[in-house]
Amino acid sequence: MAEPGRNRADALSVAQWKEKIERALACPQAVGPIRNIKDEDPRPFDAIFIGGGAAGRFGSAYLRAMGGRQLVIDCWPFLGGACPHSACVPHHVFSDCAAELMLARSFSGELWFPDLREKLTSIKEVVDLFRKGRTGPHAVMNYQSREQLDIEFLLNAPARILDRHTVEAGGEIFRARHLVLTLGAEAAPLEAPGSELVGVHNYATLVETLDREPGATVVVIGGGKTAVEYGCFFNATGRRVIMLVRNRPLDMIPDRETRAYALERMLQQGIEIIEGADVVEIVGDSARRVARVVAATPDGPIEIETDFVFHALGERPRSRMAVEALGVEIDAKGAVIVDEALQTSAPGVFAAGDLIGSPMEMFKARKSGAYAARAVMGEKVSYRPRDWPDFLHTHYEVSWLGLGEEDAREKFKNVVVMKLPPDNPDGLNIGLPASDRTMLYAMARPHMSGFQKLILDGDSRRVLGAHHVGYGAKDGFQYLNALVRGGLTIDQLAEMDELFLNPTYFIQLARLRAGQPNLTNLA
Ligand code: FAD
Ligand code: COM
Numbered sequence: 006m007a008e009p010g011r012n013r014a015d016a017l018s019v020a021q022w023k024e025k026i027e028r029a030l031a032c033p034q035a036v037g038p039i040r041n042i043k044d045e046d047p048r049p050f051d052a053i054f055i056g057g058g059a060a061g062r063f064g065s066a067y068l069r070a071m072g073g074r075q076l077v078i079d080c081w082p083f084l085g086g087a088c089p090h091s092a093c094v095p096h097h098v099f100s101d102c103a104a105e106l107m108l109a110r111s112f113s114g115e116l117w118f119p120d121l122r123e124k125l126t127s128i129k130e131v132v133d134l135f136r137k138g139r140t141g142p143h144a145v146m147n148y149q150s151r152e153q154l155d156i157e158f159l160l161n162a163p164a165r166i167l168d169r170h171t172v173e174a175g176g177e178i179f180r181a182r183h184l185v186l187t188l189g190a191e192a193a194p195l196e197a198p199g200s201e202l203v204g205v206h207n208y209a210t211l212v213e214t215l216d217r218e219p220g221a222t223v224v225v226i227g228g229g230k231t232a233v234e235y236g237c238f239f240n241a242t243g244r245r246v247i248m249l250v251r252n253r254p255l256d257m258i259p260d261r262e263t264r265a266y267a268l269e270r271m272l273q274q275g276i277e278i279i280e281g282a283d284v285v286e287i288v289g290d291s292a293r294r295v296a297r298v299v300a301a302t303p304d305g306p307i308e309i310e311t312d313f314v315f316h317a318l319g320e321r322p323r324s325r326m327a328v329e330a331l332g333v334e335i336d337a338k339g340a341v342i343v344d345e346a347l348q349t350s351a352p353g354v355f356a357a358g359d360l361i362g363s364p365m366e367m368f369k370a371r372k373s374g375a376y377a378a379r380a381v382m383g384e385k386v387s388y389r390p391r392d393w394p395d396f397l398h399t400h401y402e403v404s405w406l407g408l409g410e411e412d413a414r415e416k417f418k419n420v421v422v423m424k425l426p427p428d429n430p431d432g433l434n435i436g437l438p439a440s441d442r443t444m445l446y447a448m449a450r451p452h453m454s455g456f457q458k459l460i461l462d463g464d465s466r467r468v469l470g471a472h473h474v475g476y477g478a479k480d481g482f483q484y485l486n487a488l489v490r491g492g493l494t495i496d497q498l499a500e501m502d503e504l505f506l507n508p509t510y511f512i513q514l515a516r517l518r519a520g521q522p523n524l525t526n527l528a
């Protein structure tokens with residue numbers, strides 16, 4: 006069947022969308038509200054999605070696909086939200102660069118690699134490249150949403166909630182049977198004197214306002230995913246990176262050994278991490294630019310000279326408007342509280358995505374948006390994210406699912422571990438696991454080729470957890486996770502067919518041991 010909107014007379018091509026979005030980003034008022042609303046449709050809206058990020062866009066697409074009528078409103082001139090504009094996509098650009106640069110620096114002056122010793126590469130050029138490139142994906146979002154999925158939307162128009170059914174945006178009033186709040190989250194502020202100085206950035210301001218090349222020393226405040234991901238990128242550009250971390254970096258990685266491997270590689274790349282650190286003040290120069298950071302640490306106060314500070318202290322749900330207009334209940338972190346049907350405390354009002362709290366990840370934003378749509382359409386749904394595969398970037402991809410070894414040992418009596426490289430008391434560096442994008446490390450810098458661990462319950466023979474530092478695991482893990490949740494055993498894993506060399510060695514490790522009636526470690 007033909008796609009609904011593609012052949013309409015006023016359909017825009019991707020290139021036309023790109024041009025329009027660029028104009029609107031440069032001057033929102035000059036373009037005004039971007040409207041795709043079927044005024045001729047006599048049906049009322051089943052739902053208005055307030056916020057057109059992953060949650061609002063996927064919720065809208067789902068509701069539309071079910072035959073309902075929706076409207077999605079966003080203040081940006083494109084759908085897709087933070088992900089393509091300031092979050093996942095730039096994060097992946099930077100992490101890709103970090104991986105490339107780590108390779109280039111590891112082989113600096115060897116093979117075909119240029120000599121990068123003592124050389125800083127530009128951060129600003131990469132940011133500029135992203136800023137220029139991001140409107141392509143933005144345009145595809147609008148093209149797909151309108152010309153292919155036939156979603157009704159109002160963009161480039163901030164929305165104001167009037168009551169449980171009514172929203173004002175772009176000078177118009179819209180009513181719907183239900184509201185779905187999909188307003189996302191924003192970077193938590195750095196509460197320290199001087200945080201407003203030029204040169205102090207979070208992930209959003211970095212891509213919006215960076216206007217000059219950072220100097221040779223970068224201070225990163227925070228130890229969560231974003232702090233580590235951006236910190237590793239800055240480090241890979243050749244800068245001295247000092248991370249001020251209140252607790253422990255990489256704390257979210259559930260397996261201790263996997264975390265240790267990832268952390269060691271970061272330290273080896275020269276990242277300096279100060280745990281238990283609290284920023285006291287950021288001091289500026291006469292031009293209101295950052296000049297130094299003052300912090301309290303367990304070893305006493307320190308001062309670091311720098312012109313560039315990056316902070317990543319978590320995300321704060323954008324719940325204020327919904328609280329003020331509708332009185333929806335929120336939790337201590339400001340997340341809108343929903344039940345398993347994504348209903349808020351305000352009758353008939355749903356919420357999804359980052360607005361409802363952690364995990365703040367794309368799978369949950371998209372999935373919860375779609376579940377809210379199903380609930381709006383009268384389906385009895387139940388959604389609570391659990392047991393999802395997870396990842397972050399250092400200079401590597403770090404992926405995990407299920408239990409870490411320590412938790413597994415607490416919950417199960419007979420834990421069996423398989424890993425690469427195996428324990429290696431004589432200190433020999435072993436270039437395994439190795440696969441795409443780690444082969445050069447495997448041959449010449451074996452300790453950098455990665456780490457993998459599979460954790461099994463020896464009694465039921467079931468996989469309890471899988472952990473990987475390297476490249477390429479993410480793709481496999483999203484499927485492996487579903488199998489593990491379904492009770493995947495070592496025997497079933499050994500039955501799978503691997504594409505050798507495969508970045509996750511789990512199938513072959515499983516096959517080496519699956520013949521054993523009583524499983525033993527391969528570690
Ligand atoms: P958003 O995408 O934030 O959408 C909310 C929308 O509401 C926005 O478009 C905003 O313009 C709009 N809005 C706000 N106020 C109004 C208003 N008054 N009127 C109209 N519109 C309004 N997740 C992953 O799975 N993988 C990753 O690699 C990854 N990387 C990340 C990197 C960073 C640096 C960050 C911060 C997050 C990352 N995430 C990642 C998380 C992911 O970006 C979010 O989970 C996801 O974007 C949330 O989608 P959302 O629809 O809930 O919110
Ligand atoms: C992806 C944005 S960058 S969305 O989830 O497809 O809307």
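With our numbering applied, the sequence shown covers 6 to 528. Glycine included, every Cβ here is placed at the ideal spot set by N, Cα and C.
**Q.** Residue span of the beta strand (DSSP E) that contains E310, given as start and end
**A.** G305 to E310
(Q) Let me check you understand the geometry: is the CB of G57 closer than 6 Å to at least one non-hydrogen atom of the ligand FAD? (A) yes
**Q.** Stretch pair the stretch 235-242 + the stretch 97-105: three plus CB contacts closer than 8 Å
**A.** yes
(Q) Given the structure, does E410 come close to the ligand FMN, in the sense that its CB is under 6 Å from one of the ligand's heavy atoms? (A) Among the ligands in the structure shown, the ligand FMN does not appear; only the ligand FAD and the ligand COM can be found there.
Q) Where do the N-terminal and C-terminal ends of the beta strand (DSSP E) with H316 fall, by residue? A) V314 to H316
**Q.** Length at least 3, wholly inside the stretch 122-164: the beta strand (DSSP E) runs in chain order
**A.** 158-160
Q) Just reading off the alpha helix (DSSP H) that N41 is part of, what are its end residues? A) Taken as a continuous stretch (DSSP letters only), N41 belongs to no alpha helix (DSSP H), being part of the beta strand (DSSP E) at I39 to N41.
Q) Does the separation of the CB atoms of P95 and F135 fall below 7 Å? A) yes
Q: Kindly indicate which three-state DSSP category I512 falls into: helix, strand or coil?
A: helix
Q.
I'd like to know whether the C-beta atoms of I128 and P219 end up nearer to each other than 7 Å.
A. yes
Q | Which listed residue (Q483, L255 and V468) has its alpha carbon closest to that of M271 | A | Of the candidates Q483, L255 and V468, the one whose C-alpha sits nearest the C-alpha of M271 is L255.
Q) From which residue to which residue does the beta strand (DSSP E) around H90 run? A) H90 -> not in any beta strand (DSSP E); alpha helix (DSSP H) instead, spanning A87 to H90.
**Q.** R110 versus V343: straight-line alpha-carbon distance, rounded
**A.** 48 Å
Q: Please name the residue in T399, R13 and E415 whose C-alpha comes closest to that of V474.
A: T399
Q. What does a CB cutoff of less than 8 Å around E410 pick up in its chain, not counting 5 residues either side in sequence?
A. D260, R261, E262, V420, V422, K458, I460 and G470
Q) Does the Cβ of G199 have 16 or more other Cβ atoms within 10 Å, making it buried, or fewer, making it exposed? A) buried
Q) Any heavy atom of the ligand COM within a distance shorter than 6 Å of the CB on G85? A) yes
Q. Which one or two residues does DSSP pair with V185 in a beta bridge?
A. F54 and F355
(Q) I'd like to confirm the pairing. Which residues does DSSP put opposite Q457 in its beta bridges? (A) Under DSSP, Q457 forms a beta bridge with L425 and H473.
Q | Closer than 6 Å: R151 CB and nearest the ligand COM heavy atom | A | No, the Cβ of R151 stays beyond 6 Å of every heavy atom of the ligand COM.
Q) Smallest Cα separation from A439: which of G432, P430, H452 and D428? A) Nearest option by C-alpha distance: H452.
Q. Is it right to say K385 is buried, meaning 16 or more other beta carbons lie within 10 angstroms of its own, or is it exposed?
A. exposed
Q. Among T187, G189, L188 and D168, which one has its Cα closest to the Cα of F179?
A. D168
Q | Continuous alpha helix (DSSP H) stretch holding M569: start and end | A | The question about residue 569 has no answer here: the residues shown for the chain are numbered 6 through 528.
(Q) Let me check understanding here. Comparing Cα to Cα, which of E157, T210 and R165 lies closest to D133? (A) T210
Q) In this structure, what does DSSP give as the bridge partners for A192? A) E320
Q: Let me know the secondary structure DSSP gives V343 once reduced to three states.
A: coil
**Q.** Proximity below 7 Å, CB of G332 to CB of T187
**A.** no
Q.
Between R62 and the ligand COM, is there a pair consisting of the residue's CB and a ligand heavy atom that are separated by less than 6 Å?
A. At least one heavy atom of the ligand COM is found less than 6 Å from the C-beta of R62.
Q: Leaving out five residues on either side along the sequence, give the residues of the same chain with a beta carbon under 6 Å from the beta carbon of F158.
A: N41 and V77
Q. In angstroms, rounded to a whole number, what distance separates the CA positions of K23 and A378?
A. 28 Å
Q. Along the chain, where does the beta strand (DSSP E) that runs through R414 open and close?
A. Looking at the DSSP string, R414 is not in any beta strand (DSSP E); the run it does join, the alpha helix (DSSP H), is E410 to K416.
Q.
For the stretch 381-395 against the stretch 360-373, do three or more pairs of beta-carbon atoms, one drawn from each stretch, fall closer than 8 Å, so that the two count as touching?
A. yes
Q | Proximity to R122 [Cα-Cα], best of E130, V131 and M107 | A | Nearest Cα to R122 within the set E130, V131 and M107: M107.
Q: Could you pull out every residue in the same chain whose Cβ sits closer than 7 Å to the Cβ of G289, ignoring the five residues on either side in sequence?
A: Correct list, in chain order: G199, L202, V295 and A296.
Q) Would you say A330 faces chain C, with C-beta separation under 7 Å as the test? A) Included in the structure is just one protein chain, with no chain C present.
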